[in-house]
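One structure is given here, and the rest of the page talks about it.
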Amino acid sequence: MKKLSTQHYFKLIAFLVILSTVPVIITGGLSFWQSSKAIVDYSNDEKKQNIYQIQTNVEQVLQYIDLSTTYFVRSAQTQEFVKEDMNGRSFSNFHKLRKDLNHLQTIDTGIEDVILVSFDKRWLINNDGLVNLDNKTYEQINKNYLSIPEKSAWLMEEADQIQLPNATKKSCSHYINLVKKLPILSSQPEGLISVIVPTCELTEIMAQSNDSESFIILDENNQTIAHSNAEYTGEDGYIPKNLFNKIDRNELEGQFEYKINGTDFKISYQSSEYNDWTYLSLVKLSDLHMKSSSIGWLTVLIVSILLIISLCIAFIGSKVLYKPIKKLKSVIDSSSEGKAVSENATNEFDLIETHIEKILNQNHLLERRVQSQVTQLKQLFMIRLLQGKVTSSELPLKVKSFNYNQDWTGLTIFSLKLDEIDQDKFNKNDQDLILFAINNLIEDLIPSQERFTPVVINDSQSTLIITKCDNEADYTHIINQKVKIIQTKVMELFHLSVSIGISNRYKELEDSNIAFKESKEALKYRLKMGESSIIFYENLNRRYSSVAPYPTAIKNKTFDAIKLSDKEQAVSELSKFFDYLDRNDIHHQQLEIILSRFLYELYELKELLGANVEDFQSTDMITYYQNLNSIEAIHDWVSGQLIIPLIESIDAKDDSKNKKISDKMIRIIHEDYDKDISLDVIAAELHYNPNYLSSIFQKETGYSFSEYLLRYRLNKAKEWLTTTNMSVKEIAERLKYNNSQNFIRSFRRMEEITPGKYRARYKSKEA
1 MKKLSTQHYF KLIAFLVILS TVPVIITGGL SFWQSSKAIV DYSNDEKKQN
51 IYQIQTNVEQ VLQYIDLSTT YFVRSAQTQE FVKEDMNGRS FSNFHKLRKD
101 LNHLQTIDTG IEDVILVSFD KRWLINNDGL VNLDNKTYEQ INKNYLSIPE
151 KSAWLMEEAD QIQLPNATKK SCSHYINLVK KLPILSSQPE GLISVIVPTC
201 ELTEIMAQSN DSESFIILDE NNQTIAHSNA EYTGEDGYIP KNLFNKIDRN
251 ELEGQFEYKI NGTDFKISYQ SSEYNDWTYL SLVKLSDLHM KSSSIGWLTV
301 LIVSILLIIS LCIAFIGSKV LYKPIKKLKS VIDSSSEGKA VSENATNEFD
351 LIETHIEKIL NQNHLLERRV QSQVTQLKQL FMIRLLQGKV TSSELPLKVK
401 SFNYNQDWTG LTIFSLKLDE IDQDKFNKND QDLILFAINN LIEDLIPSQE
451 RFTPVVINDS QSTLIITKCD NEADYTHIIN QKVKIIQTKV MELFHLSVSI
501 GISNRYKELE DSNIAFKESK EALKYRLKMG ESSIIFYENL NRRYSSVAPY
551 PTAIKNKTFD AIKLSDKEQA VSELSKFFDY LDRNDIHHQQ LEIILSRFLY
601 ELYELKELLG ANVEDFQSTD MITYYQNLNS IEAIHDWVSG QLIIPLIESI
651 DAKDDSKNKK ISDKMIRIIH EDYDKDISLD VIAAELHYNP NYLSSIFQKE
701 TGYSFSEYLL RYRLNKAKEW LTTTNMSVKE IAERLKYNNS QNFIRSFRRM
751 EEITPGKYRA RYKSKEA
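Using full-length UniProt numbering, the first residue of the sequence shown is number 1, and each one after it goes up by one.
This is the structure we're talking about:
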């Protein structure tokens, strides 16, 4: 083979000089020009993220208040109470209503007062108790709040301008007031509810702002709702009204520059689609450009040093570049395969390239085999790590051997579960295949340097995410972005919705098993939150001061309706049962206990009635609801697959049962009408629930028990008045009236004539 000429050496020097110096010079020339722009752009993005975080925090509180209030006012109990008088006789209703109102204020949202007004019955209830509305107060409320065109609205009011009597206004000078007209679905309001929240609470939410930034929240009328770090814009904190006019309400976000008190500011804003509020961030331009000059001098210094180093490397390095090439060539020539390759090579580089290609081809199969084993070992390691079976001494060696990224400050684990599976496309048995497909998808979506190996454990998929982020807002934003991308891609590729539970943030790998348990615990709350939920463990309310009681009364009404084969009533009471579960802040473990108890009692009722329900043949089916993904799905399953088939089975089994029971009750009335009989006495004799007997009697005869007994006794009284000489007092005593006056009133109400006149009229007709 021909030797290389010395010209190649000089060409290499020239190439290295140009390659090393030209980029350095160009970079140095552009760096200072770009530094200010880069700082401003970075700051703009940072401010947008800060505004986004503050908007998310504020709206999460407002939406939670709005949703909790809507659930409260839409409950059947609240709608009934609004239509009732509040007096001494209805103290229990008042007590229940006050308890529910107080429950709304126990939520950690800063609610200062909740006011419920009934326009029909002219009363108002809040923290201070019950107040009757006079005409003046009624007209005042009507003028200030019922004239609002929306059924529900957030209002910005000063404390002294709140036109609701007895409203608590202690902690702040301004308040935001959530006003809802009642009922929500009616065009004619019969009342309203007002939830008063001090704006100081919003200021506390924005307390994360620092000394070099100021945040403002405006309502749709450009009124300032909250302002953090007001002294940042001047000693008086004054903001010109013209600044607000520059905000384009047609755009969701934007930025512009504005001068306040002679100082230039960069204004970033973001509009809310929820309530038309606008969130502003103000930062001085001088603060943004402060670092640009120091960066310029630093750039000059670095460019100079790099030029010197690159020139030295170009001259010195080129001399030693041939040494490894020459050494490689001698090694290749010494082997038998190398001699064969050397005969066809035109230069050293061609020789080395050909020899390396042969080595790579020979080792390709071996690498593939090793790689498949490494993947399985990584997955096994991750499963053991999440289950807490990896020791602290074992961790560093494993992380290093599997080439995991070790440059991170925090780890988070999210666990993913499938929601409803499309039965037309997938079978229940395909769940494992789908989870493994999602596992592979996550490996493609999230770069390897930002995660450890994703794994599938039982019926969920789990991924350990690593971040290098000290700012909590940035961390939350990054995690949210990754989770939403995964949900979007799964829906796009598989047409499936998934729920994701996210653990707290930890600093040590030893805490991975704790984070894994937290992510699984968070997933359990999707039962109440519904499909496509993203649940942060840190946002869960796990401190329950009280336990919601088991709704025995609702359960009893539901079971009574089943016994009566009243589908409509049974479905209605079942809806109240699940409304109760949805309305109360119930821990998921307690929710499982209540549901299991209800289904077990329903199973006992089925066995007691001797009914046959195809999907409810054994107690094993009681835990079937754990396979469902939301309260609504459980409600539909219990209603459609258990209760309605149970009622149909009861109807088919014994259609004449109610008739037999009502006949027995009529026989008892006819035989014992002159005794102290009541529905409770008959229920004890027939061994049935009084409410159950009352429903059957009403259904079969068209009369209530008391009305039928009254009519039969009065018919007997008419018979005695016309055929005997018994006095009215004697008849009343025989028919078990407390006194004759009660008997006379009952007789006159039915016959529109007194007993004495009835007897006289009958005798006159005979004469």
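Backbone N, C-alpha and C fix where the C-beta goes; we use that ideal spot for every residue, glycine too. Remember, predicted model here, so these are calculated numbers, not experimental data.
Taking the straight line between their C-alpha atoms, what separation do you get for residue i and residue j?
| i | j | result |
| --- | --- | --- |
| A683 | K675 | 16 Å |
| K284 | I239 | 14 Å |
| S678 | K528 | 45 Å |
| K763 | D672 | 29 Å |
| S512 | L395 | 11 Å |
| S212 | T203 | 17 Å |
| E510 | S649 | 56 Å |
| N222 | Y42 | 28 Å |
| V390 | N405 | 18 Å |
| T723 | F577 | 56 Å |
| F402 | E472 | 29 Å |
| L435 | I514 | 22 Å |
| L298 | S330 | 47 Å |
| Y274 | L377 | 48 Å |
| residue 787 | I644 | Only positions 1 to 767 of the chain appear in the structure, and residue 787 is not among them; the question remains open. |
| E492 | K417 | 16 Å |
Please state if the CB of residue j and the CB of residue i are separated by a distance shorter than 7 Å.
| i | j | result |
| --- | --- | --- |
| S318 | I18 | no |
| I622 | L599 | yes |
| S565 | I647 | yes |
| I383 | V455 | yes |
| S171 | P198 | yes |
| N57 | I205 | yes |
| Y145 | V114 | no |
| S695 | F705 | no |
| E220 | D276 | yes |
| S503 | S519 | yes |
| L16 | A314 | yes |
As a quick exercise: from the options, pick the residue whose alpha carbon is nearest that of residue i.
| i | options | result |
| --- | --- | --- |
| I478 | V331, R505, Q461, T278 | R505 |
| K151 | A226, I193, V681, A732 | I193 |
| P165 | K259, I196, I668 | I196 |
| N102 | V82, N132, R713, T69 | T69 |
| S662 | T56, Y708, H174 | Y708 |
| I438 | E531, L395, V490 | V490 |
| D333 | M665, I316, D276, I352 | I352 |
| L408 | V374, K417, L464 | Reading off the sequence, residue 408 comes out as Trp, not Leu. Cα-wise, what sits closest to W408 is L464. |
| N245 | S228, I267, Y232 | I267 |
| S618 | Y603, S630, F494, A611 | Y603 |
| K400 | F452, N738, L386, I434 | F452 |
| Y580 | A548, L16, D120 | A548 |
| V82 | E719, F119, I753 | F119 |
What do you get for residue i, buried or exposed, if any count of 16 or more other CB atoms within 10 angstroms of its CB means buried?
| i | result |
| --- | --- |
| A553 | exposed |
| N177 | buried |
| S5 | Caution is warranted here: a pLDDT of 40 is assigned to S5, below 50, making its placement in the model unreliable, and the coordinate value is therefore given only provisionally. With fewer than 16 other Cβ atoms within 10 Å, it is exposed. |
| K482 | buried |
| S147 | exposed |
| S545 | Low confidence applies here, because S545 scores a pLDDT of 49, under 50, leaving its location unreliable and the question unanswered by this model. |
| S415 | buried |
| S281 | buried |
| N126 | buried |
| residue 780 | Residue 780 cannot be examined here, being either before or after the span of the chain that is shown, 1 to 767. |
| Y64 | exposed |
| W33 | exposed |
| S271 | buried |
| N242 | exposed |
| K2 | Caution applies to K2, whose pLDDT of 43 falls short of 50 and renders its modelled position unreliable; the model cannot decide the point. |
| Q487 | buried |
Taking Cβ positions only, does residue i come closer than 7 Å to chain B?
| i | result |
| --- | --- |
| A473 | Although the question refers to chain B, the structure presented lacks it and comprises just one protein chain. |
Does the beta-carbon of residue i, which I'm using as the reference point, lie nearer than 6 Å to any heavy atom of the ligand MG?
| i | result |
| --- | --- |
| A515 | This structure lacks the ligand MG, and indeed carries no ligand of any kind. |
Whole alpha helix (DSSP H) elements within the UniProt domain "HTH araC/xylS-type" (663-761), 4-residue minimum: Entirely contained in the UniProt domain "HTH araC/xylS-type" (663-761), the alpha helix (DSSP H) runs reaching 4 residues are, in chain order, 679-686, 690-701, 705-723, 728-734, 740-751.
Give, in chain order, every unbroken run of the alpha helix (DSSP H) that is at least 4 residues long and sits entirely within the region 402-460. At a cut-off of 4 residues, the continuous stretches assigned as alpha helix (DSSP H) that sit fully inside the region 402-460 are 431-445.
Considering only residues of the region 121-208, which uninterrupted beta strand (DSSP E) runs meet the minimum length of 3 residues and lie entirely inside it, listed in chain order? You should have 123-126, 129-132, 152-158, 174-182, 191-198.
Could you tell me which whole alpha helix (DSSP H) segments of length 4 or greater appear in the region 587-621? If one requires a minimum length of 4 residues, the alpha helix (DSSP H) runs lying completely within the region 587-621 are 588-609, in chain order.
Which ranges would you report for the beta strand (DSSP E) in the region 250-280 if only whole runs of at least 3 residues count? Listed in chain order, they are 253-260, 263-271.
Could you tell me which whole beta strand (DSSP E) segments of length 3 or greater appear in the region 486-568? List check, beta strand (DSSP E) in window: 498-502, 534-536.
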